[in-house]
Ligand SMILES: Cc1cc2nc3c(=O)[nH]c(=O)nc-3n(C[C@H](O)[C@H](O)[C@H](O)COP(=O)(O)OP(=O)(O)OC[C@H]3O[C@@H](n4cnc5c(N)ncnc54)[C@H](O)[C@@H]3O)c2cc1C
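Numbering (the numbering used here), first residue to last: 7 to 448.
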């Protein structure tokens with residue numbers, strides 16, 4: 007009898023855990039996924055970026071994505087209040103209609119044959135993807151709440167199932183428990199992001215007028231005329247739209263309003279948006295997310311690794327979360343399969359994953375930091391034909407191949423110039439989140 011129940015035990019069956027289970031099962035590795043909830047369950051994070059498509063293709067999941075008829079996402083749109091001066095004044099070439107649109111098909115993306123990605127109802131998507139991992143050979147157990155792990159020569163995952171406390175013996179552990187960060191918390195490796203202390207309140211509306219034309223099905227990011235604040239608009243299915251307000255947590259804590267009143271007072275800072283939302287019908291209770299940005303200082307070690315949100319969470323402004331979850335599983339699974347074959351499950355065997363993940367997340371983080379510091383600059387670069395495709399590459403989620411993409415260097419240099427020039431026309435619209443305070447910690 008083997009000393010182990012499975013080669014790999016995966017904690018969590020969200021996109022990261024399901025992708026990891028699917029990749030490992032395809033590679034012939036025995037693995038189990040232990041998930042505390044019974045799927046389907048609701049989850050924030052509904053709009054994907056096209057780098058997710060490579061993973062669906064690798065795992066033969068694209069036909070199923072199509073069968074579910076998730077809304078197709080061909081691009082993204084940013085809008086701003088006509089009252090925000092840099093746009094109203096058409097300063098430095100910014101489009102006076104306060105709007106920027108991108109389409110994914112403007113840049114050919116290696117390994118991605120379709121010109122769209124998807125918006126997903128996460129309850130439906132996560133269930134289908136987890137079932138797919140199961141079909142490929144990963145053993146899936148739901149309603150299993152992992153309470154801790156034992157590392158060392160005989161790793162174990164301890165869990166609660168019904169009234170019983172049990173454990174599974176595995177050769178290595180992959181933590182994909184999302185923002186609960188089971189392993190990162192147990193090992194005290196979690197560091198709160200001092201820069202991004204954002205807060206989100208969100209719900210679904212029926213009958214919301216998303217606008218006309220092909221861009222109506224884009225994700226819309228509506229800048230609010232409040233510092234570091236924006237609204238997402240994501241099509242979920244015919245007639246249903248997810249809408250969320252993201253702002254700094256201190257704005258909510260200081261407001262003394264209920265989360266519903268706070269949502270509406272933020273939305274009303276954009277009269278055009280508020281008028282359309284007030285005509286729609288809310289079909290889900292409000293939910294909130296707070297304190298969600300953090301790093302895990304070491305996300306690989308002897309006999310373990312963390313993937314997806316369990317390894318790191320960056321602000322969701324560019325719809326990055328699911329793509330990072332899927333891509334982290336893609337890179338991590340290669341190291342795990344090779345390490346099992348070599349019989350060496352020490353940290354050194356997970357170096358490629360560690361480096362690739364750090365590089366990709368640093369690129370996302372730098373992009374997001376620059377955006378928050380000076381969001382007119384983002385619109386300016388998107389609208390400039392010289393930089394448009396470089397920005398688009400980032401927005402498509404292709405962030406894992408180059409350290410320091412030149413376009414990010416240029417953006418940072420521009421931010422520095424504006425910071426140091428009080429008379430610069432953009433100086434007064436600098437956000438109060440300073441860029442790059444945190445990336446060196448990870
Ligand atoms: C406000 C906000 C908006 C966002 N918008 C977007 C967006 O538009 N697009 C996007 O791509 N991403 C978005 N995200 C991010 C996205 O939600 C996550 O990045 C994504 O879900 C990560 O997938 P994951 O598999 O790592 O974690 P999860 O999806 O959280 O999955 C983790 C799973 O682990 C399970 N689990 C937890 N603890 C245990 C335990 N002890 N035992 C067993 N199982 C456990 C959970 O039940 C869960 O099913 C957003 C996030 C926030 C906060």
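Just so you know, even glycine gets a beta-carbon here, dropped at the ideal spot from N, CA and C.
Quiz prompt | Bridge partners - residue 173, DSSP secondary structure assignment | solution = The residue you call residue 173 lines up with position 167 of the chain shown. Per DSSP, 164.
Quiz item: Can you find a CB in chain D that lies within less than 9 Å of the CB of residue 305?
Solution: Absent here is chain D; the protein component of the structure consists of one chain.
Quiz item: Within the chosen definition, does the segment 310-323 reach the segment 367-385 through at least 3 CB pairs nearer than 8 Å?
Solution: yes
Quiz item: Alpha carbon to alpha carbon, how far is residue 232 from residue 275?
Solution: Translated into positions along the chain shown, residue 232 becomes position 226. Translated into positions along the chain shown, residue 275 becomes position 269. Rounded to whole angstroms, residue 232 to residue 275 spans 8 Å at the Cα level.
Quiz item: Relative to ligand 1, is the shortest distance from any of its heavy atoms to the C-beta of residue 80 smaller than 8 Å?
Solution: Sequence index remark: in the chain shown, residue 80 carries index 74 (1-based). Residue 80: no, Cβ never under 8 Å from ligand 1.
Quiz item: Alpha carbon to alpha carbon, how far is residue 400 from residue 159?
Solution: As a working note, residue 400 is residue 394 in the chain shown. As a working note, residue 159 is residue 153 in the chain shown. Computed Cα separation, rounded: 41 Å.
Exercise. Would you tell me roughly how many angstroms separate the C-alpha atoms of residue 246 and residue 425, rounded to the nearest one?
Key: Counting from 1 along the chain shown, the entry for residue 246 is found at position 240. Counting from 1 along the chain shown, the entry for residue 425 is found at position 419. Spanning the two alpha carbons is a distance of roughly 41 Å.
Exercise. Tell me whether residue 79 is buried or exposed, calling it buried when 16 or more other Cβ atoms sit within 10 Å of its Cβ.
Key: Position 73 of the chain shown holds residue 79. Residue 79 comes out buried.
Self-check item: Three-state secondary structure assigned by DSSP to residue 26
Solution: On the chain shown, position 20 is the one that residue 26 refers to. The answer is helix: DSSP assigns residue 26 an H, G or I state.
Self-check item: Any 3 or more C-beta pairs closer than 8 Å across the segment 168-185 and the segment 204-215
Solution: no
Quiz item: Helix, strand or coil for residue 320 per DSSP?
Solution: Taking the chain shown and counting its residues from 1, one reaches residue 320 at position 314. Residue state, collapsed to three classes: coil.
Quiz item: For ligand 1, any of its heavy atoms closer than 8 Å to the Cβ of residue 238?
Solution: In the chain shown, the residue the question calls residue 238 occupies position 232. Residue 238 Cβ: within cutoff of ligand 1.
Exercise. Leaving out five residues on either side along the sequence, give the residues of the same chain with a beta carbon under 6 Å from the beta carbon of residue 83.
Key: To locate residue 83, count along the chain shown from 1; it is residue 77. The answer, listed in chain order, is 107, 221, 224, 226.
Practice problem: Can you tell me which of 292, 13, 64, 47 puts its alpha carbon nearest to the alpha carbon of residue 29? | Solution: As a position in the chain shown, residue 29 is number 23, starting the count at 1. Among 292, 13, 64, 47, the Cα nearest to that of residue 29 is on 64.
Quiz item: Does the Cβ-Cβ distance between residue 31 and residue 314 come in under 9 Å?
Solution: Locating residue 31 in the chain shown gives position 25, where the first residue counts as 1. Locating residue 314 in the chain shown gives position 308, where the first residue counts as 1. It is not a contact, given that the beta carbons lie outside the stated cut-off.
Quiz item: Can you name the residues that DSSP bridges to residue 12?
Solution: Sequence index remark: in the chain shown, residue 12 carries index 6 (1-based). According to DSSP, which records beta bridges pairwise, residue 12 is partnered with 176.
Quiz prompt | Endpoints, the beta strand (DSSP E) within which residue 153 is located | solution = Within the chain shown, numbered from 1, the residue matching residue 153 stands at position 147. Run containing residue 153: 150-156, per the beta strand (DSSP E) assignment.
Quiz prompt | Which of helix, strand or coil DSSP assigns to residue 357 | solution = Translated into the one-based positions of the chain shown, residue 357 becomes position 351. Residue state, collapsed to three classes: helix.
Quiz prompt | Contacts around residue 122, its chain only, beta-carbon distance under 7 Å, and the 5 residues preceding and following it disregarded | solution = Translated into positions along the chain shown, residue 122 becomes position 116. These residues qualify, in order along the chain: 78, 79, 80, 110.
Quiz item: Does the beta carbon of residue 173 fall short of 8 Å from some heavy atom of ligand 1?
Solution: Here residue 173 refers to the residue found at position 167 when the chain shown is read from its first residue. Checking the Cβ of residue 173 against ligand 1 gives no.
Quiz item: Within 10 angstroms of its Cβ, does residue 52 collect 16 or more other Cβ (buried), or is it exposed?
Solution: Stepping through the chain shown from its first residue, residue 52 is reached at position 46. Counting Cβ neighbours within 10 Å, residue 52 comes out buried, since at least 16 surround it.
Quiz item: Quick one: what's residue 159 bridged to in DSSP?
Solution: Translated into the one-based positions of the chain shown, residue 159 becomes position 153. Residue 159 pairs with nothing; no bridge assigned.
Quiz item: Hey, would you say residue 25 sits closer than 9 Å to residue 202, going by beta carbons?
Solution: Taking the first residue of the chain shown as 1, we reach residue 25 at position 19. Taking the first residue of the chain shown as 1, we reach residue 202 at position 196. Result no, Cβ atoms of residue 25 and residue 202 do not sit closer than 9 Å.
Exercise. Have a look at residue 43 and residue 427 and give me their C-alpha separation to the nearest angstrom.
Key: Here residue 43 refers to the residue found at position 37 when the chain shown is read from its first residue. Here residue 427 refers to the residue found at position 421 when the chain shown is read from its first residue. Their backbone Cα atoms lie some 52 Å apart in a straight line.
Exercise. Express the C-alpha separation of residue 311 and residue 169 in angstroms, rounding to a whole number.
Key: Counting from 1 along the chain shown, the entry for residue 169 is found at position 163. Counting from 1 along the chain shown, the entry for residue 311 is found at position 305. Answer to the nearest angstrom: the Cα atoms are 29 Å apart.
Practice problem: Identify the continuous beta strand (DSSP E) that holds residue 479 and give its terminal residues. | Solution: There is simply no residue 479 to check, as the chain begins at 7 and stops at 448 in what is shown.
Quiz item: Exposed or buried, which one is residue 102 when buried takes at least 16 other CB atoms within 10 Å?
Solution: Start at 1 with the first residue of the chain shown, and residue 102 comes out as number 96. For residue 102, the predicted structure reports a pLDDT of 43, less than 50, and the residue's modelled location is therefore unreliable. The matter cannot be settled from this model.
Self-check item: Span separating the alpha-carbon of residue 91 from that of residue 218
Solution: Taking the chain shown and counting its residues from 1, the one referred to as residue 91 is at position 85. Taking the chain shown and counting its residues from 1, the one referred to as residue 218 is at position 212. Since pLDDT at residue 91 reaches only 48, below the 50 mark, its modelled position is unreliable, and the value read off the structure follows with that caveat. Going from the Cα of residue 91 to the Cα of residue 218 covers about 26 Å.
Quiz item: Any contact of the segment 265-280 with the segment 177-195, i.e. 3+ C-beta pairs under 8 Å?
Solution: no
Practice problem: Round the Cβ separation of residue 309 and residue 116 to the nearest angstrom and send it over; I've been treating them as touching at under 8 Å. | Solution: Within the chain shown, numbered from 1, the residue matching residue 309 stands at position 303. Within the chain shown, numbered from 1, the residue matching residue 116 stands at position 110. Residue 309 to residue 116, Cβ: 34 Å. No contact.
Exercise. Identify whether residue 429 lies in helix, strand or coil by the three-state DSSP scheme.
Key: Residue 429 sits at position 423 when you count from the first residue of the chain shown. In this structure, residue 429 counts as coil in the three-state DSSP scheme.
Quiz prompt | Residues bridged to residue 82 [DSSP beta-bridge criterion] | solution = Translated into positions along the chain shown, residue 82 becomes position 76. Residue 82 pairs with 108, 225.
Quiz item: Does DSSP classify residue 450 as helix, strand or coil?
Solution: With the chain covering only 7 through 448, there is no way to say anything about residue 450.
Quiz item: Can residue 295 and residue 377 be called in contact, C-beta distance under 9 Å?
Solution: As a working mapping, residue 295 is identified with position 289 in the chain shown. As a working mapping, residue 377 is identified with position 371 in the chain shown. Against a cut-off of 9 Å, the Cβ pair of residue 377 and residue 295 comes out as no contact.
Exercise. Using only the heavy atoms of ligand 1, determine whether one of them is closer than 8 Å to the beta carbon of residue 209.
Key: Residue numbering aside, residue 209 sits at position 203 when the chain shown is read from its first letter. Because no heavy atom of ligand 1 lies under 8 Å away, the Cβ of residue 209 does not count as near it: no.
Practice problem: Excluding the 5 residues preceding and the 5 following residue 448 in the sequence, name in chain order all residues of the same chain whose CB lies nearer than 6 Å to its CB. | Solution: Within the chain shown, numbered from 1, the residue matching residue 448 stands at position 442. Caution is warranted here: a pLDDT of 42 is assigned to residue 448, below 50, making its placement in the model unreliable, and the coordinate value is therefore given only provisionally. Excluding sequence neighbours, residue 448 sits near 301.
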